[in-house]
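Let me begin by presenting the structure, written as structure tokens, before commenting on it.
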Amino acid sequence: MWGWLNRRLARKAKRYGKSVRGATAVEFAMVAGPFFFVLGSTCETGLMLFTEYVLQNSVQEAARLVRTGQVSSSDGTPTMTAAQFKDKVCETASVIIDCTNKVTVYLNSSTSFANLSATVADPITIGKKSDGTPYPVVFTPGGKLQTATVIATYDWNFAFPFMDFLGNINNGSERRLAGIALFRNEPF
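In my numbering, the protein residues as written are 872 to 1059.
Following this line, the structure appears as structure tokens:
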């Protein structure tokens, strides 16, 4: 008596098992979150590394000015202010970097590389402290044949959530990128 109902339910169950309508949407819903997270993380990491490359290139170009004596006289007296030198660093980098607020430039010199290595600052301690107050500005370009270092830092804010594991300042919410050049000044 109930055989027709069993057969009908069996046919519907068989049809339902073969139906794939909506399966793609369900599968995409399951993988969309991780997919977009990996895609966004990859894009932000790539942009951050490109920004660091641009900053490094800008430091190399500005360091050439120090090395050739365009920033100081032969006795080491600066012919350019720290702000003007920062503008030189930012000429190339300002395409991708907010140079007005987030870039800090450190320029120090010494008589030898051994002496310079003892005074070179850690890039984490260049720029702003976690409370927002700036570290003291160091700007001593040095004279002819002196060793010098140029360090420019940029504080990268993470736009994508959960990227704070890459952060190294402000409780992981930012990463301090650095461009560094060490060299001996020419006999200008």
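From the three backbone atoms N, C-alpha and C, an ideal C-beta is built for every residue, glycine too.
Is it buried or exposed, residue i, if we count other Cβ atoms within 10 angstroms and call 16 or more buried?
i     : result
Y977  : buried
I997  : buried
S1060 : What is shown of the chain runs 872 to 1059, which leaves residue 1060 out entirely.
G1050 : buried
Q1017 : buried
W1027 : buried
M901  : exposed
F956  : buried
N877  : exposed
Relative to the C-alpha of residue i, which candidate in the options has its C-alpha closest?
i     : options                       : result
Q927  : V1021, D1035 and L876         : V1021
A1080 : T895, F1036, L1037 and P1012  : Nothing can be reported for residue 1080, as the shown portion of the chain is limited to 872 through 1059.
C970  : F899, F908 and V925           : V925
P994  : F1010, T975 and T939          : T975
S983  : P1007, K1000, T950 and A1019  : A1019
V991  : K1000, V1009, P1005 and D1002 : V1009
L1053 : S945, Q955 and S988           : S988
T963  : F1031, A903 and E932          : E932
K1058 : S943, G911 and G917           : Rather than Lys, the amino acid found at residue 1058 in this sequence is Pro. With distances taken between Cα atoms, P1058 lies closest to S943.
Below 8 Å on the Cβ atoms is my guess for residue i versus residue j; work out the distance and round it to an integer in Å.
i     : j     : result
A1023 : V960  : 5 Å
F1036 : E915  : Not really, about 12 Å apart at Cβ, beyond 8 Å.
S945  : G1043 : Not quite, the Cβ-Cβ distance comes to about 46 Å (not below 8 Å), so this is no contact.
In this structure, does DSSP put residue i in helix, strand or coil?
i     : result
L1048 : strand
T975  : strand
D871  : Nothing about residue 871 can be reported from this structure: the residues present for the chain run from 872 to 1059 only.
D958  : helix
R882  : helix
R892  : coil
Counting only runs that start and end within the stretch 965–1014, where is the alpha helix (DSSP H) found for 4 or more residues in a row?
Counting only runs of 4 or more, we get 970–973 and 984–990.
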